[in-house]
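**Student:**
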Amino acid sequence: MTAQIACATDDLGPEETLLVELTSADGASVAVAVVRDEDGEFHAISDVCSHGAVSLSDGEVEGCRVECWLHGSQFDLRTGRPLQLPATRPVPVYPVTVDGDKVLVDIDAPLAAAS
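Residue numbers (this note's numbering): 186 to 300.
1. Mind listing, in chain order, the continuous beta strand (DSSP E) runs of no fewer than 3 residues lying wholly within the segment 223 to 254?
2. Does the distance from the C-beta atom of L255 to that of V239 stay below 7 Å?
3. Report the rounded CA-to-CA distance for D211 versus P199, giving the unit in angstroms.
4. According to the neighbour-count rule (16 or more other Cβ atoms, all chains shown, within 10 Å of its Cβ), is S214 buried or exposed?
5. Can you tell me whether S209 is buried or exposed, with buried defined as 16 or more other CB within 10 angstroms of its CB?
6. Are the Cβ atoms of V290 and V281 separated by less than 7 Å?
7. Measure the C-alpha to C-alpha separation of V219 and S242 and round it to an integer number of angstroms.
8. Please classify T273 as buried or exposed, where buried requires at least 16 other C-beta atoms within 10 Å of its C-beta.
9. Could you check if A191 is buried or exposed, using at least 16 other CB atoms within 10 Å of its CB as the buried criterion?
Structure follows, in structure tokens:
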């Protein structure tokens with residue numbers, strides 16, 4: 186499968202998140218947090234915190250990081266690497282392409298997360 190339309194560019198303002206459900210090539214449903222950072226760049230990261238298994242799309246965005254609302258873990262939107270405890274494991278990040286007013290995400294080609 187290739188990149189899928191996740192949302193429109195105007196669905197998110199700076200430092201906002203949006204939960205989307207996308208379907209992988211093998212038919213699995215994948216929860217993805219589409220995030221627009223403070224500079225207006227789009228990112229796609231697994232919506233599930235690696236520490237508390239809660240939705241990262243409900244967290245706050247500051248700069249190029251998202252904070253889990255439950256315990257305060259923070260993740261780098263570019264790498265998925267945890268920046269703040271209690272999380273110690275990275276979360277998957279996915280390639281994003283902006284095509285006109287569409288934000289496309291390729292969940293079948295996750296980027297390697299830095300540990």
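C-beta atoms are modelled at their ideal positions from N, C-alpha and C, and glycine is treated no differently.
**Tutor:** On the basis of the data shown:
1. 227 to 231, 245 to 247, 250 to 252, all fully within the segment 223 to 254.
2. yes
3. Per the coordinates, the alpha-carbon of D211 lies some 33 Å from the alpha-carbon of P199.
4. exposed
5. exposed
6. In contact: V290 and V281 (Cβ atoms closer than 7 Å).
7. 8 Å
8. With fewer than 16 other Cβ atoms within 10 Å, it is exposed.
9. buried
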